[in-house]
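S.K.: Just so you know, the protein sequences line up as chains S and D, in that order. When the count follows full-length UniProt numbering, it moves up by one through the first sequence with no breaks and lands on 341 for the last residue. When the count follows full-length UniProt numbering, it moves up by one through the second sequence with no breaks and lands on 231 for the last residue.
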Amino acid sequence: MNKQYILGIETSCDETAAAVIKNGTEIVSNVVASQIETHKRFGGVVPEIASRHHVEQITIVIEEAMKKAGLDFSQLTGVAVTAGPGLVGALLIGVEAAKSIAFAHSLPLIPVHHIAGHIYANRLITEMQFPLLSLVVSGGHTELIYMEEHGHFEVIGETRDDAAGEAYDKVARVLNCPYPGGPHIDRMASEGEATIDFPRAWLEEGSYDFSFSGLKSAVINTVHNAQQRGETIVPENLAASFQESVVEVLVEKTIRAAKEYGVKQILLAGGVAANNGLRTELQKAVENLEGIELVIPPLKLCTDNAAMIAAAGSVFYEKGIRADYTLNANPGLDLESFSIK
Amino acid sequence: MKILAIDTSTNVLGVGIVNHEKVIGEYITNIKRNHSTRVLPVIDFLLKDCGIDKSEIGKIVVANGPGSYTGLRIGVTIGKTLAWTLKVPIVGVSSLKLMAASGRYFPGLISPIMDARRGNVFTGLYKYEDQKLMLVEEDKHRSAEEWGYRLKEYNQPVLFVGDDSNIHKETFTNILLNNAQFAPSSLNTAKPGELGLLGKDLDGEEAHLFKPNYLRLTEAEAKWRDENREV
Numbered sequence: 001m002n003k004q005y006i007l008g009i010e011t012s013c014d015e016t017a018a019a020v021i022k023n024g025t026e027i028v029s030n031v032v033a034s035q036i037e038t039h040k041r042f043g044g045v046v047p048e049i050a051s052r053h054h055v056e057q058i059t060i061v062i063e064e065a066m067k068k069a070g071l072d073f074s075q076l077t078g079v080a081v082t083a084g085p086g087l088v089g090a091l092l093i094g095v096e097a098a099k100s101i102a103f104a105h106s107l108p109l110i111p112v113h114h115i116a117g118h119i120y121a122n123r124l125i126t127e128m129q130f131p132l133l134s135l136v137v138s139g140g141h142t143e144l145i146y147m148e149e150h151g152h153f154e155v156i157g158e159t160r161d162d163a164a165g166e167a168y169d170k171v172a173r174v175l176n177c178p179y180p181g182g183p184h185i186d187r188m189a190s191e192g193e194a195t196i197d198f199p200r201a202w203l204e205e206g207s208y209d210f211s212f213s214g215l216k217s218a219v220i221n222t223v224h225n226a227q228q229r230g231e232t233i234v235p236e237n238l239a240a241s242f243q244e245s246v247v248e249v250l251v252e253k254t255i256r257a258a259k260e261y262g263v264k265q266i267l268l269a270g271g272v273a274a275n276n277g278l279r280t281e282l283q284k285a286v287e288n289l290e291g292i293e294l295v296i297p298p299l300k301l302c303t304d305n306a307a308m309i310a311a312a313g314s315v316f317y318e319k320g321i322r323a324d325y326t327l328n329a330n331p332g333l334d335l336e337s338f339s340i341k
Numbered sequence: 001m002k003i004l005a006i007d008t009s010t011n012v013l014g015v016g017i018v019n020h021e022k023v024i025g026e027y028i029t030n031i032k033r034n035h036s037t038r039v040l041p042v043i044d045f046l047l048k049d050c051g052i053d054k055s056e057i058g059k060i061v062v063a064n065g066p067g068s069y070t071g072l073r074i075g076v077t078i079g080k081t082l083a084w085t086l087k088v089p090i091v092g093v094s095s096l097k098l099m100a101a102s103g104r105y106f107p108g109l110i111s112p113i114m115d116a117r118r119g120n121v122f123t124g125l126y127k128y129e130d131q132k133l134m135l136v137e138e139d140k141h142r143s144a145e146e147w148g149y150r151l152k153e154y155n156q157p158v159l160f161v162g163d164d165s166n167i168h169k170e171t172f173t174n175i176l177l178n179n180a181q182f183a184p185s186s187l188n189t190a191k192p193g194e195l196g197l198l199g200k201d202l203d204g205e206e207a208h209l210f211k212p213n214y215l216r217l218t219e220a221e222a223k224w225r226d227e228n229r230e231v
């Protein structure tokens, strides 16, 4: 078999990233330029600033990925890029750069859905076994995705309001944690006890959808009420109570879906997959299930990166998916519209 | 040497090809449509139509601002990525200077106008001397009214160029009276061939460092600076 090298490019939010993946599973290079420090003082990602940074970083990051891979553009099989969803101005930089490289070197251009990328980060750890279920949890997404085969995506559950990561960020802000707050809440939760009984949004019976806005409001109200009454709340206990509510719903629905769909693998994906509370509870729950393997990528592959985009791009390339030079950034790109089946 | 010129700073999408001194291809539209889906297809089409292979491109010139933030980033990202990956020099030319080039035969001052909302404009002041386009006052974000009074001090005819000058026609005419003159629509759309010529003799810039001249901080940065009294 000829070696397949895919260059991946990812600029959907605040990381400018490029990577080269060999044969869909092997990381040859993986470069990420994070803007977290820049956005910190604003307490969150400012889209216009993110776009400005991407323009300044894009060719530097791609060059580093190519240099580390020790490859020339003529040795590439194709260029894969995140076409959406994400911040439109940020996505555009990656899309224009990818199109320019594809054009300059007459390479196939492969559009990749950001969430498909997060799922395929797992293929860089171990081969996928179908059918599988993926729990995608990040600052912008909370979804349960069922896959029968490569390139097939069925969204069986998704958040109806805030993403889990978004709720983490907002709770972190109430507790005056620096941005990004998720890791702080996770750490505090490990030091505290779940003493407050926050609501769990199970929604209708049998639903795999999620909802975190009610929980978020409950946390904020608890803090405000305590402030008004002059009571002190132990922040670690609040964090632990909040995290317990989020994790319990995520884990319970994932396990239920895994059983119902009879999957062989559960893949955890997205930035919140770095959360220790979630990793631990999911591991515990899967241990009780026979014949189901749990795959959790290392931290570096959970947060936004281009290795995952190239990994997904590799599969899409084999399936014959191509874009032409009219490819545009699509902030609301639908995953199922990407599905092969 | 063949030069590829790209302008996406306003609603005008312009791609031009210059061969030595000669403009051999130009593609211009002046419509409100997404530049992202169109710039590379246009470059591809125009090169093919002119019988030029991309490997023959020897230099890339991009109108690098001011202008629409997103529009600028599209042209700049394509320009810098192509220049870097094809290993050719890239140069930036002011988008306002490019617009001012329409006033070549105007015996006076030239003020290209881009609307910046709330009575403001992006503009500079230019003048042709011995067939060479000279900068008189730098490109800046200004109040249209204050700019009108500033121009009045020159006591000379001023040609306003660009579709957006119509938005401020009344302001400028009230202040400058007969000295305010307005270019016709055919001269309001910047010529990408002219962009290639303006950049032809400029030294190449480092592609990695090439970025738009927005001429304005983002709102978030301006607000943060005000709140933190950063000077």
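Built from N, CA and C at the ideal position, the CB exists for glycine as well. Small disclaimer: the values here were computed from a predicted structure and weren't measured.
Is residue 142 of chain D helix, strand or coil when you go by DSSP?
M.R.: In this structure, residue 142 of chain D counts as strand in the three-state DSSP scheme.
S.K.: State yes or no: is the beta carbon of residue 24 of chain D nearer than 8 Å to at least one beta carbon in chain S?
M.R.: So no, residue 24 of chain D is outside the interface.
S.K.: Would you tell me roughly how many angstroms separate the C-alpha atoms of residue 221 of chain S and residue 111 of chain D, rounded to the nearest one?
M.R.: If I take the Cα positions, the gap works out to 56 Å.
S.K.: Please list the segments of the beta strand (DSSP E) lying wholly inside the segment 106 to 132 of chain D, counting only runs of 3 or more residues, in order along the chain.
M.R.: Segments of the beta strand (DSSP E) lying fully in the segment 106 to 132 of chain D: 109 to 115, 120 to 129.
S.K.: Name the chain S residues that come within less than 9 Å of residue 138 of chain D, Cβ to Cβ?
M.R.: None at all; the shortest Cβ gap to chain S is about 21 Å.
S.K.: Closest by CA to residue 305 of chain S, which one among S:118, S:230, S:190?
M.R.: Taking only the C-alpha atoms, the option nearest residue 305 of chain S is S:118.
S.K.: Considering only DSSP beta bridges, list what residue 30 of chain D is partnered with.
M.R.: Answer by DSSP bridge pairing, in chain order: D:12.
S.K.: Can a CB atom of chain S be found closer than 8 Å to the CB of residue 211 of chain D?
M.R.: So, interface residue.
S.K.: Closest by CA to residue 29 of chain S, which one among S:155, S:17, S:36, S:38?
M.R.: Selected option, being the one with the closest Cα: S:17.
S.K.: Using a Cβ-Cβ cutoff of 8 Å, what residues of the segment 77 to 101 of chain D are near chain S? List them in chain order.
M.R.: Cβ contacts with chain S come from 77, 78, 80, 81, 82, 84, 85, 86.
S.K.: Using a cut-off of 8 Å between C-beta atoms, extract the partners of residue 54 of chain D located in chain S.
M.R.: The answer, in chain order, is 103, 104.
S.K.: Is the beta carbon of residue 47 of chain S less than 8 Å from the beta carbon of residue 81 of chain S?
M.R.: Not closer than 8 Å, so no.
S.K.: How long is the line joining the alpha carbons of residue 131 of chain D and residue 104 of chain D, rounded to whole angstroms?
M.R.: Rounded to the nearest angstrom, the two C-alpha atoms are 7 Å apart.
S.K.: Strictly below 8 Å CB to CB, what residues from chain S border residue 34 of chain D?
M.R.: The answer, in chain order, is 328.
S.K.: With a threshold of 8 Å between beta carbons, is residue 222 of chain D in contact with chain S?
M.R.: Output row for residue 222 of chain D: interface = no.
S.K.: I need the DSSP call for residue 7 of chain D, collapsed to helix, strand or coil.
M.R.: DSSP places residue 7 of chain D in strand when its eight states are reduced to three.
S.K.: Hey, is residue 198 of chain S's beta-carbon within less than 8 Å of any beta-carbon in chain D?
M.R.: False, the Cβ-Cβ gap to chain D never drops below 8 Å.
S.K.: Rounded to whole angstroms, what's the CA-CA distance from residue 26 of chain S to residue 104 of chain S? Just pull it up for me.
M.R.: For residue 26 of chain S and residue 104 of chain S, the distance between alpha carbons rounds to 26 Å.
S.K.: DSSP three-state label for residue 40 of chain S, please.
M.R.: The answer is helix: DSSP assigns residue 40 of chain S an H, G or I state.
S.K.: In the DSSP assignment, the alpha helix (DSSP H) including residue 219 of chain S goes from what residue to what residue?
M.R.: Residues 213 to 228.
S.K.: Can you check which of these residues, S:37, S:67, S:98, S:74, is closest to residue 310 of chain S by C-alpha distance?
M.R.: The option with the nearest alpha carbon to residue 310 of chain S is S:98.
S.K.: Is it true that the CB of residue 34 of chain D sits closer than 8 Å to the CB of residue 330 of chain S?
M.R.: Cβ distance not < 8 Å, so residue 330 of chain S and residue 34 of chain D don't count as in contact.
S.K.: Using a C-beta to C-beta distance shorter than 9 Å, which residues of chain S count as neighbours of residue 207 of chain D?
M.R.: The answer, in chain order, is 59.
S.K.: Indicate whether at least one CB of chain B lies closer than 8 Å to the CB of residue 218 of chain D.
M.R.: Judged by its chain identifiers, the structure shown contains no chain B, and its protein chains are S and D.
S.K.: In the DSSP assignment, find the alpha helix (DSSP H) that holds residue 243 of chain S and state where it starts and stops.
M.R.: Its alpha helix (DSSP H) spans residues 235 to 261.
S.K.: Which word fits residue 332 of chain S, buried or exposed, when buried means at least 16 other C-beta atoms lie within 10 angstroms of its C-beta?
M.R.: Label assigned to residue 332 of chain S: exposed.
S.K.: Go to residue 181 of chain D, then tell me how far its beta strand (DSSP E) extends in each direction, as first and last residue.
M.R.: Its beta strand (DSSP E) spans residues 180 to 182.
S.K.: Run through the segment 149 to 212 of chain D for me and flag every whole beta strand (DSSP E) of 3 or more residues, listed as ranges in chain order.
M.R.: Listed in chain order, they are 158 to 161, 180 to 182.
S.K.: Leaving out five residues on either side along the sequence, give the residues of the same chain with a beta carbon under 6 Å from the beta carbon of residue 62 of chain S.
M.R.: Correct list, in chain order: 18.
S.K.: Compute the beta-carbon to beta-carbon distance between residue 314 of chain S and residue 4 of chain S, rounded to the nearest angstrom, for a pair I have assumed lies under 8 Å.
M.R.: Rounded, the Cβ-Cβ distance is 6 Å, consistent with contact.
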